[in-house]
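Enquirer: Quick one: this structure, given as structure tokens, is what I'll be asking you about.
See below:
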């Protein structure tokens, strides 16, 4: 078959509705199709839906367009009149489809009274999409009900045409690829902590046309579209992780003499209005000129017939400027002009249940679809308390996920806020009430659940709780004026509530403004309380870190955002800048600087580079703090500010070139950690490879082997993680020409002695910097979860700083899951070395996803304090940090070419508990410490059919498909040491203890459309031995064995020497 010959008669194919039909027989101008559209999911009977009806179609020719010059162009247009009648709808629905000269949809015209939430609109658009196909079947980009799609056409060989005559039917398939929906409602988006924590969708979509060869009449059309949705980082290939939904549609022409056609025409033909415009015409070809039954794929098209065809088309097509006049005649004045993209019906808040409350129609507790009272709300929430009170389990994470979804369904008016607050007991009335809540695991996690909810209702609840707890903390009272019961309130506010607020994924500008004002006005009083030693170890700057985290999401979209962002940057700059003030080394100053550095890494404002550079060049500041400042400098966002980058590079070179005892270094032992930090910044800002090699050569020429080895380890780790191009790695490590593939003159790298054995081996004379990394979970190419550990030791082997980070790496980006940061100075004095009059100290900071707890001092070196730590720290794992976060939060709307709209929600909760323990023996002068992380995760992928707002289906149940996955693990980080053998008697162990369960489940939930009538808010998972319950079916249940992680050859050797092989006993 030569399909191209058929396309030569494309105009006849599109005008075939009128070929060989007289203008005096209007009913015969109308083609009647039976219609059916379905949506299904495998093995899910309740989800399946279908609509049936009839479609009446009439085609009219439109005049060609006028060019700007006034000349008439060759483009011809067609106007397709469509009347859709569905069995379940109160009446038929009409529309006009305007096709361009290629036969593709240009616009859709609808009646003036059209309601976008009417389901019939989408089914009409789905039908109209069937009649939008390229008249010459050329591949390209088309727009229809599926959105913007790449399309390919092909003739089907030996098709099954059913009762039709295969000799008279041409079957053509249109495949649609990479369809992108046109626009999404404002409640759709990725609210996850990182773009890699999102959904992944595989789509198959095609349309099949059955066209008569003799007339080009569309005899039958079918559409099929399937979506398979899963979590992007799920490496499962068995299909258990997928949610599959498909939609189908079929139009089939009824025979002219059929009883069904006559019945439909008798009922509906009167609604097929016509226009009196002379610019609209049916096409009537005389049989002696162009016999309709002779027009087919095998017809030889002569020059005469081509000219005749063009002449006849020009005769009936006049001027497209009358399109709107015709539409007014048929549809009525004030008709609506739309594209074929499906409409997402406006939803009620109780059914939309999204994080963006403003996207839905407002309701109250008394609204028909809510109908909740205080007693009913308390009853429905009661079941969650017992389950969520047991953290870091799959069951508690899963229950928290369900509670978050329910809270998002509630209205956000003030009465609802008060009712929900009362039902949850969320706002404490006194310090005694707050203390009771803090001691409850349920209430501790409840705050996190409300943070993860993120709607206007939840944000208002959080604001009220924050204001009340700040009031109870009474920072304005000092000493005896502050009652004893305010201390727990202060600790809770600074160590739990403010850090939790950093995880708000959808902060409003109003909320940000109020949080900023509360923090800004409270800071002076909190600093005074800290200086009076009434905050114990808590940092008064926790709120500043929360504000900085939220500010990083407001980067100048509006003037007020820019002003608030600039104000935060100004505050941080004032914290960092010493001006002419003498640096005073005390707990307050160190706490303030470390908090400012941590906040600067969140804000990333380039304006902070100047105060940071000034600070790191100050030799009177401890080198550990200067290194922390350099770490913050390397994480700023400089964009394309070449002047700022050049200034930074120049000053970093000054630091690197400075002698060991000079204006930038008061002590020779400060050189290693500061110069290593400067080299790290140069790597971060992508300094040229020859310059980095030259720096290594300079270190080597000065025999600074500790620096050379440390910097080489850093370069090696970057190269191993593919953060540097291969040619750059070769150039820095081995020297030679740097070949970049560009036309520029090749540059030469000269690392000198740093490229030799001495550069690799190094010495410990000036200290040592170790870099270790490894894989926690390796599911490449889907994702990789790794850990990195860096620790710095001084010349006497004393600990100076460390960082343990756990990251999640995807194909496109990565996310930091959690990290521990340790900073210390003068610990050599505890070993009887260095300046014994100096005061040693140790601070620890922690971050998880978006939130950060600033470094707090836990040790300041006195013998009394050491003894207190040894005697009061629990020798068995004791929880000190509990959190529940929503790292995965995605909503999509998926249009199906068959007219249905799906709502896809993907939510993932992680519940984490950190415990600590310390064992020591004065007699053996040995000890061991433990940081235990217990974490559980539950992720659910949900698909719901978006309901319309028609009166005929407001009481229909809401059916949701569910596919979930959960796991729980325990990670132990253990440090064991023997005082007599320091610094070579420290052994570190990092292990995943016990077996790790992995569960997968599916479900089909049928909910009442009214919140009051929903009986199953909490749907527990079945136990592995059960396999299923009335809510879910387990599709996988397995356990991973324990594992140990490599922390470097040197550490492994020390552990063997100390004969340590087990973890925490």
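In mature numbering (1 follows the signal peptide of the UniProt record, and there is no 0), the protein residues as written are -22 to -1, 1 to 1043.
For glycine and all other residues, C-beta sits at the position ideal for the given N, C-alpha and C.
1) Would you list the residues sitting across from residue 60 in a DSSP beta bridge?
2) Counting only the same chain and skipping the five closest in sequence on each side, list residues whose C-beta sits under 6 Å from that of residue 838.
3) From this set, 126, 908 and 829, which residue's C-alpha is nearest residue 524's C-alpha?
4) With a cut-off of 8 Å, do at least 3 Cβ pairs link the segment 196 to 210 to the segment 235 to 243?
5) Tell me, please, which residues DSSP counts as bridged to residue 887.
6) Candidates 617, 614 and 636: which alpha carbon is nearest residue 1046's?
7) Roughly how many whole angstroms lie between the Cα atoms of residue 350 and residue 436?
8) Hey, which unbroken runs of the alpha helix (DSSP H) at 4 residues or more fall wholly within the segment 509 to 542?
9) Comparing alpha-carbon positions, which option in 755, 992, 491 and 231 lies nearest residue 974?
10) DSSP state of residue 903, grouped into three classes?
11) With DSSP run on the structure shown, which of helix, strand or coil describes residue 1060?
12) Taking the CB atoms as reference points, tell me whether residue 166 and residue 871 lie closer together than 7 Å.
13) Counting only the same chain and skipping the five closest in sequence on each side, list residues whose C-beta sits under 6 Å from that of residue 796.
14) Are residue 939 and residue 221 closer than 7 Å when you measure CB to CB?
15) At a Cβ threshold of 7 Å, is residue 457 touching chain D?
16) Could you tell me which residues DSSP puts in a beta bridge with residue 632?
17) Once the 5 residues before and after residue 648 are set aside, which same chain residues still bring their CB inside 6 Å of it?
18) Do you know how far the Cα of residue 926 is from the Cα of residue 941?
19) Have a look at residue 766 and residue 178 and give me their C-alpha separation to the nearest angstrom.
20) In the structure shown, what three-state DSSP assignment does residue 663 receive?
21) Does the Cβ of residue 651 have 16 or more other Cβ atoms within 10 Å, making it buried, or fewer, making it exposed?
22) Counting pairs of beta carbons, one from the segment 68 to 76 and one from the segment 847 to 860, are three or more of them closer than 8 Å?
23) Just list the residues that DSSP pairs residue 640 with in beta bridges.
24) Taking the continuous beta strand (DSSP E) assigned at residue 9, which residues delimit it?
25) Look at the alpha carbon of residue 86 and the alpha carbon of residue 191, and state the distance between them as a whole number of angstroms.
26) Only counting the same chain, and skipping five residues up and downstream in sequence, which positions put a Cβ closer than 6 Å to that of residue 768?
27) Suppose only complete runs of 4+ residues qualify. What are the alpha helix (DSSP H) ranges in the segment 645 to 709, listed by chain order?
28) On the criterion of 16 or more Cβ atoms from any shown chain inside 10 Å, does residue 673 qualify as buried, or is it exposed?
29) Considering only DSSP beta bridges, list what residue 857 is partnered with.
30) With C-beta atoms as the reference, is residue 381 less than 7 Å away from residue 427?
31) Can you round the beta-carbon distance between residue 587 and residue 626 to whole angstroms, since I take them to be within the 8 Å contact cut?
32) Residues in the same chain with beta-carbon distance under 8 Å from residue 370, minus the five sequence neighbours each way, listed in chain order, please.
33) Can residue 957 and residue 903 be called in contact, C-beta distance under 7 Å?
34) State the start and end residues of the unbroken beta strand (DSSP E) segment that holds residue 181.
35) Is DSSP giving residue 953 helix, strand or coil here?
36) Do you know offhand how far residue 152's Cα is from residue 1006's?
Expert: So, from the listed chains and residues:
1) 35 and 73
2) 819
3) The closest CA to that of residue 524, considering only 126, 908 and 829, is found on 829.
4) no
5) 916
6) Because the chain in this structure spans residues -22 to 1043, residue 1046 falls outside the shown range and cannot be described.
7) 17 Å
8) 520 to 529
9) 755
10) coil
11) Residue 1060 is absent from the structure shown; the chain starts at -22 and stops at 1043.
12) yes
13) Residues 784 and 826 of the same chain have their beta carbon placed closer than 6 Å to that of residue 796, with the five preceding and five following residues left out of the count.
14) For residue 939 and residue 221, yes; Cβs fall inside 7 Å.
15) The structure shown contains no chain D; it holds only a single protein chain.
16) Bridge partners of residue 632 according to DSSP: none are assigned.
17) Taken in chain order, the residues that qualify are 601.
18) Computed Cα separation, rounded: 24 Å.
19) 28 Å
20) coil
21) The residue in question, residue 651, is buried, as its Cβ has 16 or more Cβ neighbours within 10 Å.
22) no
23) Residue 640 pairs with 643.
24) 9 to 18
25) Each residue's CA atom was taken as its position, placing residue 86 and residue 191 some 28 Å apart.
26) 749 and 781
27) 649 to 662, 667 to 679 and 683 to 698
28) buried
29) DSSP lists 893 as partners of residue 857.
30) Yes, the Cβ-Cβ distance between residue 381 and residue 427 is below 7 Å.
31) 6 Å
32) Taken in chain order, the residues that qualify are 889, 890, 891, 912, 913, 914 and 946.
33) Contact check for residue 957 against residue 903 passes: the beta carbons are separated by less than 7 Å.
34) 177 to 190
35) strand
36) A direct Cα-to-Cα measurement between residue 152 and residue 1006 gives close to 42 Å.
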